[in-house]
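Chemist:
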Amino acid sequence: MSGAPLAITGLGAVTPLGAGTPALHGALSDNLCGIAAREIVIEGVERFTFGAAACAGFDERQQRGPSGVALDRGTALALAAAREAAAQAGLGTAAEPAVDAERLAVYWGAGMGGAASLDQTTEQLYAHRRRMRPTTVLTTMPNAAAAELSMAFGARAASMGYACACASAAVAIGEAMRAVRAGWADVAIAGGHEALLTPGLVAGWQAMKVLAPAAGAPAEVCRPFAADRAGFALGEGAAALVIESLDCARRRGAPVLALLSGYGTSCDAEHISSPSSRGQVRAMRAALADAGLSPAEIGHVNAHGTGTTAGDVAEAASLAEVFGTVGVPVSATKALHGHLMGAGGAIELICALHALHTSRLPAAAVPPAPSMGIDLVHGRTPRAVAPFAHVMSNSFAFGGTNAVIVASRLRAPGAGD
Amino acid sequence: MSTTTFETVARIVQEEHHCDPTLIRRDVPLIDLGLDSLALMEFIFSVEDAFHLRLPEDKLDPREAGITLGDLCDAIDARMAEEAAGSAMHPEPARA
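Listed in order, the protein sequences are those of chains A and B. Counting with my numbering, you get residues 1463 to 1879 for the letters of the first sequence. Counting with my numbering, you get residues 79 to 174 for the letters of the second sequence.
1) Can you tell me whether Asp-114(B) sits near the ligand ATP, meaning its C-beta is under 7 Å from at least one heavy atom of the ligand?
2) Taking 8 Å as the CB-CB limit, is Thr-1597(A) close to chain B?
3) Under 6 Å Cβ to Cβ from Ser-1793(A), same chain only, skipping five residues before and after it: list those, please.
4) Does the Cβ of Gly-1623(A) have 16 or more other Cβ atoms within 10 Å, making it buried, or fewer, making it exposed?
5) Shorter than 8 Å from the beta carbon of Gly-112(B) to some beta carbon of chain A?
6) Would a check of beta-carbon distances place Gly-1662(A) closer than 8 Å to chain B?
7) May I ask you to report which of helix, strand or coil DSSP gives Ser-1728(A)?
8) Could you pull out every unbroken beta strand (DSSP E) segment of at least 3 residues lying fully inside the region 1625–1678 of chain A, listed in chain order?
9) With a threshold of 6 Å on Cβ separation, who are the neighbours of Pro-107(B) within its own chain once the five nearest residues in sequence on each side are excluded?
10) Using beta carbons (cut-off 8 Å, strictly below), is His-153(B) in contact with chain A?
11) Give me, in chain order, the residues of the same chain whose beta-carbon lies closer than 6 Å to that of Cys-1626(A); leave out the 5 immediate sequence neighbours on both sides.
12) Examine chain B for any beta-carbon lying closer than 8 Å to the beta-carbon of Val-1784(A), and answer yes or no.
13) List the residues of chain A that Glu-120(B) touches, going by C-beta distances under 8 Å, in chain order.
14) Can you tell me where the beta strand (DSSP E) holding Ala-1498(A) begins and where it ends?
15) Taking the beta carbon of Val-1507(A) as the centre, do at least 16 other beta carbons fall within 10 Å, making it buried, or is it exposed?
16) Please determine if the region 1809–1824 of chain A and the region 1777–1790 of chain A are in contact, where contact requires at least 3 C-beta pairs separated by less than 8 Å.
17) Using a threshold of 8 Å, state whether the C-beta atoms of Ala-1547(A) and Leu-1659(A) are closer than that.
18) Give a yes or no on whether the C-beta atoms belonging to Ala-1960(A) and Ala-1567(A) are separated by under 8 Å.
19) As a quick exercise: from Met-1670(A), Gly-1741(A) and Thr-1477(A), pick the residue whose alpha carbon is nearest that of Phe-1694(A).
20) Does the distance from the CB of Ala-1551(A) to the CB of Trp-1570(A) come in under 8 Å?
21) For the candidate residues Thr-1598(A), Thr-1583(A) and Thr-1597(A), whose alpha-carbon lies nearest to that of Arg-1591(A)?
22) When the Cα of Ala-1481(A) is compared with those of Cys-1517(A), Ala-1650(A), Gly-1804(A) and Leu-1818(A), which residue comes out closest?
23) Suppose the cutoff is 8 Å on Cβ atoms and the five residues either side in sequence are ignored; what does the same chain contact list for Glu-1783(A) look like?
24) Answer yes if the region 1682–1694 of chain A comes into contact with the region 1754–1770 of chain A, meaning at least three C-beta pairs across the two stretches below 8 Å, and no otherwise.
25) Going along chain A, which residues have a C-beta under 7 Å from Ala-117(B)?
26) So, helix, strand or coil for Arg-1822(A), using DSSP?
27) Alpha carbon to alpha carbon, what distance is there between Ile-1470(A) and Gly-1724(A)?
28) Any C-beta of chain A sitting closer than 8 Å to the C-beta of Phe-123(B)?
29) How long is the line joining the alpha carbons of Leu-1722(A) and Ser-1579(A), rounded to whole angstroms?
30) Ignoring anything shorter than 4 residues or poking outside the region 1780–1845 of chain A, list the alpha helix (DSSP H) runs there in chain order.
31) By DSSP's criteria, Ala-1572(A) is part of a beta bridge. Which residues make up the other side?
32) Express the C-alpha separation of Phe-84(B) and Arg-103(B) in angstroms, rounding to a whole number.
33) Quick one: Cα of Arg-173(B) to Cα of Ala-1589(A), how far?
34) Are there 16 or more other CB atoms within 10 angstroms of the CB of Asp-1774(A), so buried, or fewer, so exposed?
35) Is it buried or exposed for Val-1866(A), if we count other Cβ within 10 angstroms and need 16 for buried?
36) Which stretch, first to last residue, makes up the alpha helix (DSSP H) that contains Arg-1691(A)?
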C-alpha cells in the first residue's frame, strides 16, 4: 500500500563539494571530486595517510547557534545546511516564524553526534591535564544538532535525533515522511550531519581497515564496485530538506522542488558490520511499494556504494535481485564527495535529485568489475540520459539498518517542468 | 606594554560571548552582562584558561549577585599573586 507523495520545499547542504546547494549542483555537473590526502599522526601510536573528504573553508566558529555555546563542528554544519533549506522553503526563524511552531518538527540524523568535540576535549583532559568545559555534555550529546535546529526555527512539534550509522540521514528523512503523512506534523526539517575528521576518530576507522589509502588521483581513491576497490574516503558534511504535504506547500506558496514518493526500511539482523543482500532487497521493495512504483519505473539509483570489499558485493547482488542484472543505471557518488556517514543519506538524495532534474548521472572514475553485474556510471564526465521520472537512493549501514528513499519529479518528463 | 587583566577579560567576554561593548566596565555586575547561567560558566572557564589558573568558588562565585567585572579582575590578580608567591617558595623542577 503506497503513501501520499510529499513535497520537498527546501534544500540545503555543506559538503566537500562546496558550501550551499548551488555549489553542490555545479560540482556534480562538472563531476568534480572533493577528496584529498590527509595524514594522521598520533605520536607513538599511529602514522598513516588516508583519502579525506573535508568541507574545506568551513569554520564552525562563524556559525552562531541559538544556544549560545561554542558549537561542535558537525552541529555548525547542520545549522548552515538547515538554514539554507529553511530560507528556500520560507520557514522564517524562531523569532519570526512563517509556520505554526507546534506543527513544525525536526528529524535529524548523525552517526556519532558531537564525537569530534569529545575526541578533542578528552585529548586535552588525558594528555594535557586540562579540565572539561562546562558545556561538554551539551555540545557532544548526539541530539545537540536536532536541539539547535529546533531552537533556530522554533520547531515545537518534535525534535528527534536518529543514530543509524551511515543510514542516519535517510532514516531521519523517511521517519519525517511518515510523521507528516500521519499528521503528527505539518512541516519537517529533516537531514543529517557528520564531522569526525579528528585524529582519534579517524584512527578508529583506520583500525577497521576500511579507509582507502590516498594513492593516485583523488577521483580514483574511492573505487566503488571496482575490482581493486580499497575502501572509502571518510568525510564530513551536512544536508537538510524541508518536507510537507503538497496541499501545505501550495497553501504557503512554497516552491515544490521535487516529490518524496516512497520510503522503505529494514534491518539485516545478521552481522554488526557485514551487510546482507536480503535485508537490502526488502528495503528497496518496501520503498517501491510505498511509492506505488515498479522497478522498471526507476530511472536511476544512487547506490550506497562505499567501495568496501564486502559492501559493494552485497549491494550489487541486491540491485540485480530487484532490477535485474545491469538493470538500471547506478551512480556511486561517494567516489566524488566521500563517505559522509550520518549525512550521507541526505546528501546522496540531493545528488539523486540533481540527476533527476538534469538527466545527467554523476560518474565514478573507475569502471565496475564485470562480475558485479551492475551498470555503474563511470568515466570522467556525467552520463546524459533521456529524462526520467523517478529515482532511488540507498543507504545500507553498519549495524544492518537499511533505508531507501524514492523521489520523483513533480510532473512527468516532457510535461512542461 | 602588557595587556591588563581587565583588557584580557574584556576581550573574552566580547569575542566569545558577543557582549554589548557598552556594558564592559569594571563596575558592571556579571549578572547584568546578558549572559545566562550556562554562558557565565563558559565565560569563567575561558577566563581561567586564558590566565592558566582556577578560581575556587569560595574566592569568587560568579552567580553571586553584585560580583562585578572589576571584582573578577581583582580575584584573578590575587590568585596570580598567590601562585607566584607559592612558586617562589616551592620552585617546580625544570621540565624537559
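Cβ atoms here follow ideal geometry from the backbone N, Cα and C, with glycine treated the same way.
Modeler: The answer reads as follows:
1) Ligands displayed in this structure: none; no statement on the ligand ATP is therefore possible.
2) Within the first sequence, numbered from 1, the residue matching residue 1597(A) stands at position 135. By this cut-off, Thr-1597(A) is an interface position.
3) Here the question's residue 1793(A) lines up with position 331 in the first sequence. The beta carbon of Ser-1793(A) sits closer than 6 Å to the beta carbons of Asn-1764, Leu-1823, Pro-1824 and Val-1839 from its chain, once the five residues preceding and following it are set aside; these are given in chain order.
4) The residue labelled residue 1623(A) in the question sits at position 161 within the first sequence. When all chains shown are included, Gly-1623(A) counts as buried.
5) One-based indexing of the second sequence puts residue 112(B) at position 34. No, because no Cβ of chain A sits closer than 8 Å to the Cβ of Gly-112(B).
6) If you number the first sequence from 1, residue 1662(A) lands on position 200. Not one beta carbon of chain B lies nearer than 8 Å to the beta carbon of Gly-1662(A).
7) Walking along the first sequence from the start, residue 1728(A) turns up at place 266. Three-state result, Ser-1728(A): strand.
8) Counting only runs that start and end inside the region 1625–1678 of chain A, the beta strand (DSSP E) elements of at least 3 residues fall at 1649–1656.
9) Locating residue 107(B) in the second sequence gives position 29, where the first residue counts as 1. Counting only residues of its own chain and dropping the five nearest sequence neighbours on each side, Pro-107(B) has a CB closer than 6 Å to the CB of Gly-144 and Thr-146.
10) The residue you call residue 153(B) lines up with position 75 of the second sequence. Checking the sequence, you will find Ala at residue 153(B) rather than His. No, its Cβ sits nowhere closer than 8 Å to a Cβ of chain A.
11) For the purposes of this step, residue 1626(A) is taken as residue 164 along the first sequence, with counting starting at 1. Apart from sequence neighbours up to five positions away, the residues of its chain that approach Cys-1626(A) with a beta-carbon distance below 6 Å are Val-1633, Ala-1859 and Thr-1863, ordered along the chain.
12) Within the first sequence, the letter at position 322 stands for residue 1784(A). The beta carbon of Val-1784(A) does not come within 8 Å of any beta carbon belonging to chain B, so the residue lies off that interface.
13) Here residue 120(B) refers to the residue found at position 42 of the second sequence. Under the 8 Å cutoff, chain A gives Val-1531, Ala-1532, Arg-1595, Pro-1596 and Thr-1597.
14) Position 36 of the first sequence, counting from 1, holds the residue named residue 1498(A). Counting along the chain, Ala-1498(A) sits inside the beta strand (DSSP E) bounded by residues 1497–1504.
15) For the purposes of this step, residue 1507(A) is taken as the residue at position 45 of the first sequence. With fewer than 16 Cβ atoms within 10 Å of its Cβ, Val-1507(A) is classed as exposed.
16) In short, these stretches do not touch, since the Cβ pair count stays below three.
17) Counting from one through the first sequence, the residue named residue 1547(A) turns up at place 85. Counting from one through the first sequence, the residue named residue 1659(A) turns up at place 197. No, the pair does not count as a contact, with Cβ atoms beyond the cut-off.
18) In the structure displayed, chain A extends from 1463 to 1879; residue 1960(A) sits before or after that span and is not available.
19) Indexing the first sequence from 1 puts residue 1694(A) at position 232. Of the residues Met-1670(A), Gly-1741(A) and Thr-1477(A), the one whose Cα lies closest to the Cα of Phe-1694(A) is Met-1670(A).
20) Counting from 1 along the first sequence, the entry for residue 1551(A) is found at position 89. Counting from 1 along the first sequence, the entry for residue 1570(A) is found at position 108. Taking 8 Å as the cut-off, the beta carbon of Ala-1551(A) is found no closer than this to the beta carbon of Trp-1570(A).
21) As a working note, residue 1591(A) is residue 129 in the first sequence. It is Thr-1583(A).
22) For the purposes of this step, residue 1481(A) is taken as the residue at position 19 of the first sequence. For Ala-1481(A), the nearest C-alpha among the options comes from Cys-1517(A).
23) Taking the first residue of the first sequence as 1, we reach residue 1783(A) at position 321. Non-local C-beta neighbours of Glu-1783(A) in its own chain, meaning closer than 8 Å and more than five positions away in sequence, comprise Ser-1739 and Val-1743, ordered along the chain.
24) As far as the Cβ criterion goes, the region 1754–1770 of chain A touches the region 1682–1694 of chain A, which means the pair count is three or higher.
25) Residue numbering aside, residue 117(B) sits at position 39 when the second sequence is read from its first letter. Within chain A, the residues near Ala-117(B) are Gly-1530.
26) Within the first sequence, numbered from 1, the residue matching residue 1822(A) stands at position 360. Looking at Arg-1822(A) - three-state DSSP - the assignment turns out to be strand.
27) Looking up residue 1724(A) in the first sequence gives position 262. Looking up residue 1470(A) in the first sequence gives position 8. Here the C-alpha atom of Gly-1724(A) lies approximately 13 Å from the C-alpha atom of Ile-1470(A).
28) Locating residue 123(B) in the second sequence gives position 45, where the first residue counts as 1. So, interface residue.
29) In the first sequence, the residue the question calls residue 1722(A) occupies position 260. In the first sequence, the residue the question calls residue 1579(A) occupies position 117. Using only the alpha carbons, I get a separation of about 34 Å.
30) Complete alpha helix (DSSP H) runs here, min 4: 1796–1799 and 1806–1820.
31) Position 110 of the first sequence, counting from 1, holds the residue named residue 1572(A). Partner(s): His-1655(A).
32) Within the second sequence, numbered from 1, the residue matching residue 103(B) stands at position 25. Within the second sequence, numbered from 1, the residue matching residue 84(B) stands at position 6. Here the alpha carbon of Arg-103(B) sits roughly 9 Å from the alpha carbon of Phe-84(B).
33) The sequence position of residue 173(B) within the second sequence is 95, counting from 1. The sequence position of residue 1589(A) within the first sequence is 127, counting from 1. Low per-residue confidence applies at Arg-173(B): pLDDT is 48, beneath 50, and the placement is therefore not dependable, though the value from the model is reported in the following sentence. The alpha-carbon atoms of Arg-173(B) and Ala-1589(A) are separated by roughly 16 Å.
34) Mapped onto the first sequence, residue 1774(A) falls at position 312. Per the 10 Å Cβ criterion, buried.
35) Indexing the first sequence from 1 puts residue 1866(A) at position 404. With 16 or more Cβ atoms within 10 Å of its Cβ, Val-1866(A) is classed as buried.
36) Translated into positions along the first sequence, residue 1691(A) becomes position 229. No alpha helix (DSSP H) contains Arg-1691(A), which DSSP labels as neither H nor E.
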